[in-house]
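For the sequence shown, position 16 matches number 16 in UniProt numbering, and the numbering has no gaps at all.
Virtual Cβ for every residue (Gly too), placed ideally from N, Cα, C.
Nothing here was measured: the structure is a model prediction, and the numbers come from that model.
Shown next, in structure tokens, is the structure this report addresses.
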Amino acid sequence: MLCVTRSEIENYLMEREIPFRTDHTNYEDIYTRNYIRLNVLPMLQKLNPSVSESIFRTSENLAEAEKVYKKAVDADIKVVLKDNKIDIEKLKQTASPSSVLFEILSPLGFHPSVIDDVKNGLNALPGKVFYSPAYRLIKDRICFLIDKIEKSESDNQSYFIDAVSQEISNPIGLDIKLTDVPKSICKNNNMLYADAAKLRFPLKLRKWQTSDWFIPFGMKGKKKLSDFFINQKFNLIEKEETWILLSGEDVVWVVGHRPDNRFRITSKTKSVLQIELKN
1 MLCVTRSEIE
11 NYLMEREIPF
21 RTDHTNYEDI
31 YTRNYIRLNV
41 LPMLQKLNPS
51 VSESIFRTSE
61 NLAEAEKVYK
71 KAVDADIKVV
81 LKDNKIDIEK
91 LKQTASPSSV
101 LFEILSPLGF
111 HPSVIDDVKN
121 GLNALPGKVF
131 YSPAYRLIKD
141 RICFLIDKIE
151 KSESDNQSYF
161 IDAVSQEISN
171 PIGLDIKLTD
181 VPKSICKNNN
191 MLYADAAKLR
201 FPLKLRKWQT
211 SDWFIPFGMK
221 GKKKLSDFFI
231 NQKFNLIEKE
241 ETWILLSGED
251 VVWVVGHRPD
261 NRFRITSKTK
271 SVLQIELKN
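This is the structure in structure tokens:
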């Protein structure tokens, strides 16, 4: 309503005998907007009688500039943001990385001061995490990962698998079979082939813990899972989503990534536990 003054509105209503009511708080200058309207604008009008018209023209110019800004930033966002990942190098190449970050992160609840920290952390080491009430932004090697904060009850639970062929869907999808030694082995990270005689049932399925270690397939020495993740260049989300299958307290399989060498099939194997991870 910047294009119409208060007196013009009131004259319009009175000429047409349209009843109206004035809120008494409009005359209380304890509110910032009222203080400006009741005190600041009258002073400016004394200095420049056409100040209202100037403000209106400025607001129109700003509205047009906002259209240009939004079109340019939206185009940059389409290049920079893919699958909840902000490409850092592409972000740096934009005309205003700060503006692009603000338009991506502000709708997700990130405070402006946090967005400034993100901008200042473009060259920080991987692993830095920034938070909003509902999201977190994780600094990876070449991108920022946008992750909705959803703590699952299954993260702190263990699930047990008996020595029978079965399919499970909770907490993850697994197709489990006890078979004879297969004629061929599918070399796929989503497949496990383990010597059933070496296993202690029920097997236990849980999220990984910092103290966990295993002997990666094809190796002799043991490796902490945390080191394995570093070598495989896992980001924080990938680590948190990793499940492990255990026989007793021994890791049989880093599910979907690597089996343990101690449970591999050998020439003496009679029965095989075959598990397929269903994505």
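Cβ pair count under 8 Å reaching 3, the region 176-189 against the region 132-140
no
Within the region 164-235, ranges of the beta strand (DSSP E) (whole runs, at least 3 residues)
166-168, 173-180, 191-195, 203-207
So the candidates are D76, S50, L125; which of them puts its Cα closest to the Cα of L101?
D76
Assign Q232 to one of two classes, buried (16 or more other C-beta atoms within 10 Å of its C-beta) or exposed (fewer than that).
exposed
Beta-carbon proximity of V252 to L192, cut-off 9 Å
yes
Taking 9 Å as the cut-off, decide whether the C-beta atoms of T242 and W213 are in contact.
no
Taking all protein chains shown into account, do 16 or more other C-beta atoms lie within 10 angstroms of the C-beta of L125, making it buried, or fewer, making it exposed?
exposed
Just to confirm, are L277 and V254 a CB contact at a threshold of 9 Å?
no
Which runs of the beta strand (DSSP E) at least 3 residues long sit entirely within the region 84-141? Give them in chain order.
85-87, 129-131, 135-139
Could you give the C-beta distance for K204 and F263, rounded to a whole number, given that I count them as a contact under 8 Å?
Their Cβ separation, rounded to whole angstroms, is 14 Å, which puts K204 and F263 out of contact at 8 Å.
Grouping DSSP H, G and I as helix and E and B as strand, with all else coil, what is F144?
strand
Using 8 Å for Cβ pairs, my map puts T266 next to D195. What's the rounded Cβ distance?
7 Å
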